[in-house]
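Trainee: Protein sequences appear in the order of chains A and B.
So in this note's numbering, spot 35 of the first sequence is number 35, and the numbers just go up one at a time.
Position in the second sequence (from 1) plus 1000 gives the number in this note's numbering.
Protein chains: 2
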Amino acid sequence: MTQDIKNFVLIGGKRIRPILFYYGYLTAGGRNKKSILDASLSIELIHDYLLIHDDIIDRDELRRGRPTIHKRYQKFYQKISIDYEHLGISAGIIIGNLASAFGYEILTESNFPDSFKTKALKKLSQIIIGVQAGEILDVFLRLDHPLKEKEIFKIIKYKTTGYSIEGPLQLGAILAGANQKALKDLSNFALPLGNAFQIQDDILGMFGDPGETGKPVGGDLREGKQTLLISKAKELANKKEKKIIERTLGNPRLTKNQLKKVRKIIVKTGALDFCQKTVTKLINQAKQKMENSKSPPKIKNFLILLVDSIIEKEK
Amino acid sequence: MTQDIKNFVLIGGKRIRPILFYYGYLTAGGRNKKSILDASLSIELIHDYLLIHDDIIDRDELRRGRPTIHKRYQKFYQKISIDYEHLGISAGIIIGNLASAFGYEILTESNFPDSFKTKALKKLSQIIIGVQAGEILDVFLRLDHPLKEKEIFKIIKYKTTGYSIEGPLQLGAILAGANQKALKDLSNFALPLGNAFQIQDDILGMFGDPGETGKPVGGDLREGKQTLLISKAKELANKKEKKIIERTLGNPRLTKNQLKKVRKIIVKTGALDFCQKTVTKLINQAKQKMENSKSPPKIKNFLILLVDSIIEKEK
């Protein structure tokens, strides 16, 4: 099963978190590049842990272009047990937990002062608490009521920004001994970037090429996720269009034709345009915040360039 | 959902792990009783994390005399969604992960030197890796073949001893700055105690009062767990008796009458007697090891007394 984790880590993914972890360290003046690279594996393993569990929760069948872990085990056990569905989920829970423990272990063993490490380990726990809180909001609130824009941004803050952008940057910075002010500067940069990253991801989820994204198209719609894109389309749609969206939202048996219709509505209402413009605005905000920060000029310029590449990698 | 964790922690359980965590600290000469008590909550939360996930994996419906977390949420969602079974499991996965992150966080925040804390956090991760490895052996090996006695003791070592006895003792000792020799002494004491604890637990699982144990009687049999008790009975049984055991092992629809028959076989073959004698032998071994250790006499005597109370609490 550790082999599963190894394969899962090695087949790819965007590596945004370890990259930000690395540059967060450099921003705060860290110089031990070998040690921070080694330590950055911890955040990637924690990411794998949460992805493996998320894939169970969201019933996803593909991840990084391959079967998700629980699906792989379901297929394996199908040959030997009638209880294969449950066994696959059980394997996914355990393998996720192993990835989590390995992620923590790597950080405890990393080559940094103990005082920085305990601070980073505390931060790591808080990041996980945040992303699980975001997951609760995401999965369970949507059963309750249509989300307001404010709620959508709150979910993004917990589920994406804290975890994928702000968290990794701050973890790296903490390992370089960054002070509160420096951590705050990174937050100010991370918040608009995280929002841009998520909205861009939502756009790709509806209009992207599954061959490139590694995820089935329309997945958010099928799972009933209320992204900014979908919520904006509903807001701008006429009665008939709104009904079409509502009928498809959360329908696991969504047809290609239905998906096509919803896409058309998203374009026609201007929701796509609105979201694309929002991404551009947020990216510029993030760059401006980094420009004004106290980071070393070389790293600052690099992070400003990185903004485009993070969003571009998503394109 | 944090309320769920609070309720789950507060409704009881034997608290063996925080107690051993506390006395592990005292054994190694620690004196800050207030801080070690606070820190001991971490191991209890990690225990809750793994219990909540285990209950999903084992499909347990009762824990500490109340519905398990995923069952509770399944009941809750039954009113509002046809997908309630999956939603309950999802809630259990997330709530378990939250308990884990809280457990780690508490340890990072505890009032001990950073160098001791990072060592303890590393050990904690290794304990979790061990228990998940034990869970893999336990759940997946038994699908493959009947376990040999050696394999059963290996599973006990990972799944019970490392996690419930040795781990908590060593974690506490590490927070007092214990050296390798002191940690090894604790291992020597923990190994027979862990074996005794697990075998006693297996006996209770077949013959105990569910009102006292909080678990449904015969659960191990229903789940197909190959405990020493069941494996010994199979070894000592005649052909007809062996067939009865094999037919009931792993049968989720086990009847009261079938359970009664298997119990009779366990008594008649002498498997129960064998296991009870093994528990007594192991308890004496553990006491002897503690007697010969270098721990302070007062703590040593206390831990020797604790052995009986750990096993007695199980009675």
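Glycine included, each C-beta is placed from N, C-alpha and C at the ideal position.
1. Across which residues does DSSP place B/P1146 in a beta bridge pair?
2. Name, please, each residue of chain B whose Cβ falls closer than 9 Å to the Cβ of A/Y104.
3. Can you tell me whether B/H1047 is buried or exposed? The criterion is at least 16 other CB atoms within 10 Å of its CB, across all chains shown.
4. Going by Cα to Cα distance, which pick from B/P1192, B/Y1025 and B/A1173 is closest to B/K1154?
5. Does the stretch 1082-1102 of chain B come within contact of the stretch 1055-1072 of chain B, defined as at least 3 CB pairs closer than 8 Å?
6. May I have a chain-ordered list of the alpha helix (DSSP H) segments no shorter than 4 residues that lie completely inside the stretch 1016-1047 of chain B?
7. Taking the CB atoms as reference points, tell me whether A/I299 and A/T118 lie closer together than 8 Å.
8. Is the shortest distance between the beta-carbon of A/H47 and the beta-carbons of chain B less than 8 Å?
9. Can you pull the chain A residues whose beta carbon is under 7 Å from the beta carbon of B/S1115, in chain order?
10. Can we say the stretch 102-109 of chain A touches the stretch 235-251 of chain A, given the rule of at least three CB pairs closer than 8 Å?
11. If you draw a straight line from the C-alpha of A/Y84 to the C-alpha of A/R59, how long is it?
12. Reducing DSSP to helix, strand and coil, say where A/P297 ends up.
13. Could you please tell me which residues of the stretch 49-81 of chain A, in chain order, have their CB closer than 7 Å to any CB of chain B?
14. Which chain C residues sit within Cβ distance under 8 Å of A/Q132?
15. At which residues does the alpha helix (DSSP H) containing B/I1199 begin and terminate?
16. Using the three-state DSSP reduction, which class does B/P1168 fall into: helix, strand or coil?
17. Of all the CB atoms in chain B, is at least one closer than 8 Å to the CB of A/T108?
18. Please state if the CB of B/A1120 and the CB of A/I129 are separated by a distance shorter than 8 Å.
19. Considering only the beta carbon of each residue, do B/T1269 and B/E1241 sit closer than 8 Å?
20. Quick check: the stretch 172-185 of chain A against the stretch 131-142 of chain A, are at least 3 beta-carbon pairs closer than 8 Å?
21. Between B/V1307 and the rest of its own chain, which residues show a CB-CB distance below 7 Å, the 5 nearest in sequence each way excluded?
22. Starting from B/L1062, follow its DSSP beta bridges and name the residues at the other end.
23. Tell me the start and end of each unbroken beta strand (DSSP E) in the stretch 214-282 of chain A that is at least 3 residues and wholly inside, in chain order.
24. Would you list, in sequence order, the uninterrupted alpha helix (DSSP H) runs of no fewer than 4 residues that lie entirely inside the stretch 81-160 of chain A?
25. Alpha carbon to alpha carbon, how far is B/Q1276 from B/R1064?
26. Evaluate contact between the stretch 1258-1269 of chain B and the stretch 1230-1237 of chain B, counting only Cβ atoms and requiring at least three cross-stretch pairs below 8 Å.
27. Since I believe B/L1272 is in contact with B/I1203 (beta carbons under 8 Å), could you give me their beta-carbon distance rounded to a whole number of angstroms?
28. Using 8 Å for Cβ pairs, my map puts A/A190 next to A/E166. What's the rounded Cβ distance?
29. List, in order along the chain, the chain B residues whose C-beta lies closer than 7 Å to that of A/V139?
30. Below 8 Å between beta carbons: does that hold for A/I36 and A/G29?
31. Distance check for A/A176 and A/V267, CA to CA, integer angstroms please.
32. Can you tell me whether A/L305 is buried or exposed, with buried defined as 16 or more other CB within 10 angstroms of its CB?
33. Mapping DSSP to helix, strand and coil, what is A/A176?
34. Compute the Euclidean distance between the alpha carbons of B/N1032 and B/Y1025, then round it to the nearest angstrom.
35. Check whether the Cβ atoms of A/D114 and B/S1115 lie closer than 8 Å to each other.
36. Buried or exposed for B/I1069, please, with buried defined as at least 16 other CB atoms from any protein chain shown within 10 angstroms of its CB.
Mentor: So, from the listed chains and residues:
1. One-based indexing of the second sequence puts residue 1146 of chain B at position 146. Per DSSP, none; premise fails for B/P1146.
2. Taking the first residue of the first sequence as 1, we reach residue 104 of chain A at position 104. Chain B residues near A/Y104: Y1104, L1121, K1122, L1124, S1125 and I1128.
3. Translated into positions along the second sequence, residue 1047 of chain B becomes position 47. The residue is buried, with at least 16 neighbouring Cβ atoms inside 10 Å.
4. Counting from one through the second sequence, the residue named residue 1154 of chain B turns up at place 154. Out of B/P1192, B/Y1025 and B/A1173, B/P1192 has the C-alpha closest to the C-alpha of B/K1154.
5. yes
6. 1016-1027
7. Here residue 299 of chain A is taken as the residue at index 299 of the first sequence, counted from 1. Here residue 118 of chain A is taken as the residue at index 118 of the first sequence, counted from 1. No, the pair does not count as a contact, with Cβ atoms beyond the cut-off.
8. Position 47 of the first sequence, counted from the first residue, corresponds to residue 47 of chain A. Not one chain B Cβ lies under 8 Å of A/H47.
9. By 1-based counting over the second sequence, the position of residue 1115 of chain B is 115. Neighbours of B/S1115 on chain A, chain order: D114.
10. no
11. Sequence index remark: in the first sequence, residue 84 of chain A carries index 84 (1-based). Sequence index remark: in the first sequence, residue 59 of chain A carries index 59 (1-based). Those two C-alpha atoms are separated by around 15 Å.
12. Residue 297 of chain A sits at position 297 when you count from the first residue of the first sequence. Here A/P297 sits in helix by DSSP.
13. H53, I56, I57, I80 and S81
14. The structure shown contains no chain C; its protein chains are A and B.
15. Position 199 of the second sequence, counted from the start, is the residue given in the question as residue 1199 of chain B. Residues Q1180 to F1207.
16. Taking the second sequence and counting its residues from 1, the one referred to as residue 1168 of chain B is at position 168. Helix, per DSSP.
17. To locate residue 108 of chain A, count along the first sequence from 1; it is residue 108. Yes, contact with chain B.
18. Here residue 129 of chain A refers to the residue found at position 129 when the first sequence is read from its first residue. Here residue 1120 of chain B refers to the residue found at position 120 when the second sequence is read from its first residue. Not in contact: A/I129 and B/A1120 (Cβ atoms no closer than 8 Å).
19. Residue mapping note: residue 1269 of chain B aligns to position 269 of the second sequence, counting from 1. Residue mapping note: residue 1241 of chain B aligns to position 241 of the second sequence, counting from 1. It is a contact, given that the beta carbons lie within the stated cut-off.
20. no
21. Your numbering for residue 1307 of chain B matches position 307 in the second sequence. The residues are L1193, I1283, A1286 and K1287.
22. Translated into the one-based positions of the second sequence, residue 1062 of chain B becomes position 62. The partner list for B/L1062 (beta bridge, DSSP) reads B/P1067.
23. none
24. 84-109, 114-136 and 149-156
25. The residue labelled residue 1276 of chain B in the question sits at position 276 within the second sequence. The residue labelled residue 1064 of chain B in the question sits at position 64 within the second sequence. The alpha-carbon atoms of B/Q1276 and B/R1064 are separated by roughly 24 Å.
26. yes
27. Counting from one through the second sequence, the residue named residue 1203 of chain B turns up at place 203. Counting from one through the second sequence, the residue named residue 1272 of chain B turns up at place 272. Indeed, because the Cβ distance is near 7 Å, the residues count as touching under 8 Å.
28. If you number the first sequence from 1, residue 190 of chain A lands on position 190. If you number the first sequence from 1, residue 166 of chain A lands on position 166. With a Cβ gap of about 4 Å, A/A190 and A/E166 count as contacting.
29. For the purposes of this step, residue 139 of chain A is identified with residue 139 of the first sequence, where counting begins at 1. Going along chain B in sequence order, the residues near A/V139 (Cβ under 7 Å) are S1090.
30. Here residue 36 of chain A refers to the residue found at position 36 when the first sequence is read from its first residue. Here residue 29 of chain A refers to the residue found at position 29 when the first sequence is read from its first residue. For A/I36 and A/G29, no; Cβs fall outside 8 Å.
31. Taking the first sequence and counting its residues from 1, one reaches residue 267 of chain A at position 267. Taking the first sequence and counting its residues from 1, one reaches residue 176 of chain A at position 176. The straight-line gap from Cα to Cα measures roughly 46 Å.
32. The residue given as residue 305 of chain A occupies position 305 in the first sequence. So A/L305 ends up on the exposed side.
33. By 1-based counting over the first sequence, the position of residue 176 of chain A is 176. DSSP places A/A176 in coil when its eight states are reduced to three.
34. Sequence index remark: in the second sequence, residue 1032 of chain B carries index 32 (1-based). Sequence index remark: in the second sequence, residue 1025 of chain B carries index 25 (1-based). If you take the alpha carbons of B/N1032 and B/Y1025, they lie about 9 Å apart.
35. Counting from 1 along the first sequence, the entry for residue 114 of chain A is found at position 114. Counting from 1 along the second sequence, the entry for residue 1115 of chain B is found at position 115. The answer is yes: Cβ separation under 8 Å.
36. Here the question's residue 1069 of chain B lines up with position 69 in the second sequence. Per the 10 Å Cβ criterion, buried.
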